[in-house]
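Asks: Right, I'll just put the structure down here and ask away after.
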Amino acid sequence: MASLSAGSRYRDVAAWAFTVPGLLFQFFFGWFPILIAFVVGFQRYYFVNPPEFIGWQNFLDVFSDELTWTSFRNTFYFAALSIGLTFLIPIFISILLMEMSSRTIRWMMVLWFIPVASTAGIVIWKYMYQFDMGLMNHIMRLLHLPEQRWLDDPTLAMFSLVLPGLILYGPGLMYIAALQSVPEELYEAAELEGAGFFKKIQTVTLPRLRPVIAMMLIFSVIGAMQAFELPFIMTGGGPGYATTTVVMQVYNMAFNAYNLGKATALAILLFFIIMAMIMVQRRVVRENLDD
Amino acid sequence: MRPSTARRVPPPVLSATLLLASLLPGCGRTEADLPTKPLTPAEYYIKSDMEKFRYKNITVRVPGSWGGVLLPEDAGPWGAPIWKAVHWGDVTTIMGLYNQALFELQHPRVKLEYIQFDMWSDNFKSALAVALKAKRAPAYYIARDLPQTIEQGLYADLTPLMKKWDQYELQPEGSRREGTYNGRIYTLAGNELGATIIKFRKDWFREAGILNERGEPGPPLNWTWDDFRRIAKRLTDPARKRYGYAAAIGGFSSVGYLYYVSSGLDTYVPDPTGKRTWVFNDKDPEMLRSLEIAREMVARDRSVLTSVSYGWTQWHSEFDASRAAMIAGFSPHPAREFLESPYKLGKDKPYGETVGMVPLPGHPSGYTPLRPVTNPIGFDPTLKPEELEAAFEWCKSWFYGDVFVNRVRAAADEARAKNRGSSLYVEMLCLPYKPKVNVLDKPLEEVFPPDYMDFYRRVRESHAPPLPREFGLREPPTNEMERALKAMYSEACTSNVDLRDLLRRTAALINNNLLNYRNPQDSERLRRWLDARTRFFKRWFPRYHDTVWQPRLAAYYRVP
Numbered sequence: 039m040a041s042l043s044a045g046s047r048y049r050d051v052a053a054w055a056f057t058v059p060g061l062l063f064q065f066f067f068g069w070f071p072i073l074i075a076f077v078v079g080f081q082r083y084y085f086v087n088p089p090e091f092i093g094w095q096n097f098l099d100v101f102s103d104e105l106t107w108t109s110f111r112n113t114f115y116f117a118a119l120s121i122g123l124t125f126l127i128p129i130f131i132s133i134l135l136m137e138m139s140s141r142t143i144r145w146m147m148v149l150w151f152i153p154v155a156s157t158a159g160i161v162i163w164k165y166m167y168q169f170d171m172g173l174m175n176h177i178m179r180l181l182h183l184p185e186q187r188w189l190d191d192p193t194l195a196m197f198s199l200v201l202p203g204l205i206l207y208g209p210g211l212m213y214i215a216a217l218q219s220v221p222e223e224l225y226e227a228a229e230l231e232g233a234g235f236f237k238k239i240q241t242v243t244l245p246r247l248r249p250v251i252a253m254m255l256i257f258s259v260i261g262a263m264q265a266f267e268l269p270f271i272m273t274g275g276g277p278g279y280a281t282t283t284v285v286m287q288v289y290n291m292a293f294n295a296y297n298l299g300k301a302t303a304l305a306i307l308l309f310f311i312i313m314a315m316i317m318v319q320r321r322v323v324r325e326n327l328d329d
Numbered sequence: 217m218r219p220s221t222a223r224r225v226p227p228p229v230l231s232a233t234l235l236l237a238s239l240l241p242g243c244g245r246t247e248a249d250l251p252t253k254p255l256t257p258a259e260y261y262i263k264s265d266m267e268k269f270r271y272k273n274i275t276v277r278v279p280g281s282w283g284g285v286l287l288p289e290d291a292g293p294w295g296a297p298i299w300k301a302v303h304w305g306d307v308t309t310i311m312g313l314y315n316q317a318l319f320e321l322q323h324p325r326v327k328l329e330y331i332q333f334d335m336w337s338d339n340f341k342s343a344l345a346v347a348l349k350a351k352r353a354p355a356y357y358i359a360r361d362l363p364q365t366i367e368q369g370l371y372a373d374l375t376p377l378m379k380k381w382d383q384y385e386l387q388p389e390g391s392r393r394e395g396t397y398n399g400r401i402y403t404l405a406g407n408e409l410g411a412t413i414i415k416f417r418k419d420w421f422r423e424a425g426i427l428n429e430r431g432e433p434g435p436p437l438n439w440t441w442d443d444f445r446r447i448a449k450r451l452t453d454p455a456r457k458r459y460g461y462a463a464a465i466g467g468f469s470s471v472g473y474l475y476y477v478s479s480g481l482d483t484y485v486p487d488p489t490g491k492r493t494w495v496f497n498d499k500d501p502e503m504l505r506s507l508e509i510a511r512e513m514v515a516r517d518r519s520v521l522t523s524v525s526y527g528w529t530q531w532h533s534e535f536d537a538s539r540a541a542m543i544a545g546f547s548p549h550p551a552r553e554f555l556e557s558p559y560k561l562g563k564d565k566p567y568g569e570t571v572g573m574v575p576l577p578g579h580p581s582g583y584t585p586l587r588p589v590t591n592p593i594g595f596d597p598t599l600k601p602e603e604l605e606a607a608f609e610w611c612k613s614w615f616y617g618d619v620f621v622n623r624v625r626a627a628a629d630e631a632r633a634k635n636r637g638s639s640l641y642v643e644m645l646c647l648p649y650k651p652k653v654n655v656l657d658k659p660l661e662e663v664f665p666p667d668y669m670d671f672y673r674r675v676r677e678s679h680a681p682p683l684p685r686e687f688g689l690r691e692p693p694t695n696e697m698e699r700a701l702k703a704m705y706s707e708a709c710t711s712n713v714d715l716r717d718l719l720r721r722t723a724a725l726i727n728n729n730l731l732n733y734r735n736p737q738d739s740e741r742l743r744r745w746l747d748a749r750t751r752f753f754k755r756w757f758p759r760y761h762d763t764v765w766q767p768r769l770a771a772y773y774r775v776p
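Protein sequences appear in the order of chains A and Y.
In terms of my numbering, the first sequence has 305 at position 267, counting the first letter as 1, and numbering is strictly consecutive.
In terms of my numbering, the second sequence has 245 at position 29, counting the first letter as 1, and numbering is strictly consecutive.
Below, the structure is given as structure tokens:
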């Protein structure tokens, strides 16, 4: 009995010993900044001088700022394009890839993975979009299609930003990995039931992918709603404000306008909007295979 | 159960430990232990190691990218980083250590710490904010985004130090004005004096027969915006993919921005209703004209190579790749490239014969937007007075004192050994201050092309107009204002929107977001600022004052 209790105590201590560093890390770098944000959002905050409490003023400023709504519109547009292009298409490509030989699958996985070195990739895309020397217009000329001012056309700029994500962002790897774990017997059973290619996708593949899709969708929505590097590096938010996203707006308010309070208020607004979206999404797209 | 006495510490040991612990703080450096009379270098030199160590109680953290040198990170096969620097022939680093020792000898209480602190990346502002809060910031750093960063409390007040500095007046006027806020001085001018320029291809000007009054290839000496547009169009050759001008689509190098700078136009003017301090200057027809010009040159003439994705590097790359005849830049760069990369445009194209520089186009009335500036330096506001003074002394030595003389000599020696052009001449060309000794082995006229020397003569003779901040007037955030202008110009150049409507929208946005404030004393301050500006224009640009400024003042600068 005594040794059992000592063992149990040891396990408790060990459990805490392993958990506490992670908890502390999570507290100081995850929860604490969120708590602080809720304080700074109500302050006129200075880098060095002491902050002043100003109540809801930062939030009122955020709501009355036309750029807030422009940036939210752009962000939703970016998210829709991004999820449509870089989230859904890879699902179908992965399913089709599974029909190929395992050697082809391996090569495709390698090719899909290589360009994930994203910042370098983004910079290269900037040159690819160049009007008279870029690869994209070279391809357009080869196809006898009109040249485009990819990043400089307000109607095309957002699409041009999302396009690299199709290659740079690699959810396809996740889908392929998940698909490889689907038991072959399920397909064989479906075939015995007379299911064709599309029926098998509908009844076996997509349901088995659902947990991964649900998880990846959450990541995609969060990622798209926090889009920053792509527009920051490639367009600086232009032309006009056509590609200014909410996080860019937060960055500009904080480090260009030195208005940390207003920037934080906008970040808090974005936080609640993403939370709401995720909650709705979790109700609509169930992660559990059995639901 | 094991006896508990096994873990008990014997009382004598415990007492001794506690006693020792209570004595330990006394071993630290305390002010009381230090000599009351400041030690001379000679007195300091004969002290023991421990006394020297304790006497040095003023620390100046010198950033590696601006004055400090850092030893190699690893020793390699040489045993110690310093030996690696020696055996590599890293003269600059060794001279940096020498200068550290010399300065510390001259100022016995001061300890210099060379630290790594990047000032040129996008992360600088956030890194600095964190470093200041953590009391780990460098003693001085580049002062960006003035005057907002002064309002943020990012810099120490240098007024008392400046008042007793013998070279204060040598700082470029533009830099002095930038760092002055409501009569107090917060920044020190750095060492790279220059102005915004148009860098141009002399060989293409020669080919096109575009010569200035002296018969040299280049734009007229007092060129105007019309000249700029005509030349850009003429040098554009679609077949050879050559453009007259390359720039970002908005921002300081963009066509529209250059136009309104050339016209002496202000982005914001006093709000005549008194509701705010400022309103966006959309009523002045020149602002609309700047949009029209931008659209005409980019979309109609197609003489400008531009994109929203262009930054400083891209438009400079277009120039270096022989795709643009002109670009905007900062005057020390061509001078540096002339010495350090004399054949960067091709073996048959010596830099000085191929690349020229001129001031921005001016106004037909004679107004020239040639504003001499340097990178301003601000000091950590949390420094103690003696630390601030020591950091200031170090900067002076680094800019033009003993440290300066040593480091430029080291650079010259290194360049000679490597058979490269010495940066010493550029340092001297762009130095606003007077070094203690002459370090040049020949006059600068024998080094640089005449047009470079002529440009610098004009820079040194030029003046900068008074800024609102000097009179206690709050200015809108510079970067955000530039962002709004960039958005406006990029929209004008990339879409077919009605320009008047665009101007109205921009005005509404800027007025509501960036200019929605007013201080009760602003009317008085505005009047004082406008009086100072009027005096400035009358003194330095009399024709512009009579023909442009006075009508503008009456029409758009009404103070309630």
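For each residue, glycine too, the CB sits at the ideal point set by N, CA and C.
1) Bridge partners for Y:Glu329 per DSSP, in chain order?
2) Scan the stretch 359-376 of chain Y for residues whose Cβ lies nearer than 8 Å to a Cβ of chain A and list them as they occur along the chain.
3) I need the boundaries of the alpha helix (DSSP H) containing A:Ala227, first residue and last residue.
4) For a contact meaning CB atoms closer than 8 Å, what does Y:Asn407 contact in chain A?
5) Answer with yes or no whether the minimum CB distance from Y:Ala462 to chain A is below 9 Å.
6) Roughly how many angstroms separate the alpha carbons of Y:Ile358 and A:Met178, rounded to a whole number?
7) Compare the C-beta of A:Val86 against all C-beta atoms of chain Y and say whether one is closer than 9 Å.
8) Could you pull out every residue in the same chain whose Cβ sits closer than 7 Å to the Cβ of A:Thr283, ignoring the five residues on either side in sequence?
9) For Y:Asn735, which of helix, strand or coil comes out of DSSP?
10) Using DSSP bridges, identify the partner residues of Y:Pro592.
11) Which residues of the stretch 453-485 of chain Y have a Cβ closer than 8 Å to any Cβ of chain A? Give them in chain order.
12) I need the straight-line Cα distance from Y:Thr694 to Y:Lys702, nearest angstrom please.
13) Who are the Cβ neighbours of A:Tyr167 in its own chain at under 7 Å, not counting the five residues just before and after it?
14) In chain A, what lies closer than 9 Å to Y:Glu707 by C-beta?
15) If you draw a straight line from the C-alpha of A:Glu90 to the C-alpha of Y:Asp536, how long is it?
16) Name, please, each residue of chain Y whose Cβ falls closer than 8 Å to the Cβ of A:Glu104.
17) Under 7 Å, CB to CB, which of the residues in the stretch 505-538 of chain Y have a partner in chain A?
18) Mind listing the chain A neighbours of Y:Ser711? Cutoff is C-beta to C-beta under 8 Å, in chain order.
19) Does the beta carbon of Y:Ser337 sit closer than 9 Å to a beta carbon anywhere in chain A?
20) Report all residues from its chain with a CB closer than 6 Å to the CB of Y:Arg277; omit the five preceding and five following residues, and keep chain order.
21) Helix, strand or coil for Y:Arg458 per DSSP?
22) Mind listing the chain Y neighbours of A:Phe293? Cutoff is C-beta to C-beta under 7 Å, in chain order.
23) Under 8 Å by Cβ, that's how I've got Y:Leu404 and Y:Pro592 pegged, so tell me the actual separation to the nearest angstrom.
24) Whole-angstrom Cβ separation of A:Ile260 and A:Ile312, contact assumed at under 8 Å?
25) Less than 9 Å separating the beta-carbons of Y:Val520 and Y:Gly617?
26) Any chance you could list the alpha helix (DSSP H) runs of at least 4 consecutive residues sitting entirely within the stretch 126-210 of chain A, in chain order?
27) Less than 9 Å separating the beta-carbons of Y:Lys415 and Y:Gly545?
28) If you reduce the DSSP assignment to three classes, tell me which class Y:Ile262 lands in.
29) When you check each C-beta in the stretch 387-413 of chain Y against every C-beta of chain A, which residues fall closer than 8 Å?
30) Does Y:Gly242 come out as helix, strand or coil in the three-state DSSP assignment?
31) Is there at least one Cβ from chain A nearer than 9 Å to Y:Arg245's Cβ?
32) Leaving out five residues on either side along the sequence, give the residues of the same chain with a beta carbon under 7 Å from the beta carbon of Y:Leu645.
33) Ordered along the chain, which non-local residues of its own chain (more than five positions away) have a Cβ less than 8 Å from that of Y:Phe752?
34) Check each residue of the stretch 163-179 of chain A: if its Cβ is closer than 9 Å to any Cβ of chain Y, include it; give the result in chain order.
35) Looking only at its own chain, which residues have a Cβ that is under 6 Å from the Cβ of Y:Lys300, when we skip the five neighbours before and after it?
Replies: From the atom records:
1) Y:Arg277
2) Asp361, Gln364, Thr365, Glu367, Gln368, Gly369, Leu370
3) 222-230
4) Near Y:Asn407 there are no residues of chain A at all, since even the closest Cβ is about 26 Å away, more than 8 Å.
5) no
6) 45 Å
7) yes
8) Ser109, Asn112, Thr113, Phe116, Ala265, Phe266, Pro269
9) coil
10) Y:Ala405
11) Lys457, Ile465, Gly466
12) 12 Å
13) Met174, Trp188, Leu189, Ser198
14) Pro192, Gly276, Pro277, Gly278, Tyr279, Ala280
15) 50 Å
16) Ala724, Leu725, Asn728, Asn729
17) Ser523, Val524, Ser525
18) Pro192, Pro277, Gly278
19) no
20) Glu329, Ile331, Pro354, Ala355
21) strand
22) Lys341, Ser342
23) 7 Å
24) 6 Å
25) no
26) 127-135, 140-151, 156-166, 173-180, 195-206
27) yes
28) coil
29) none
30) A caution first: Y:Gly242 carries a pLDDT of 49, below 50, which makes its placement in the model unreliable, though a value can still be read off. Helix.
31) Bear in mind that a pLDDT of 49 at Y:Arg245, under 50, signals an unreliable position, so the number given afterwards is only what the model happens to contain. So, not an interface residue.
32) Ala551, Leu660, Phe664, Tyr672
33) His679, Pro681, Pro682
34) Lys164, Tyr165, Tyr167, Gln168, Phe169, Asp170, Met171
35) Pro288, Ala291, Gly292, Trp294
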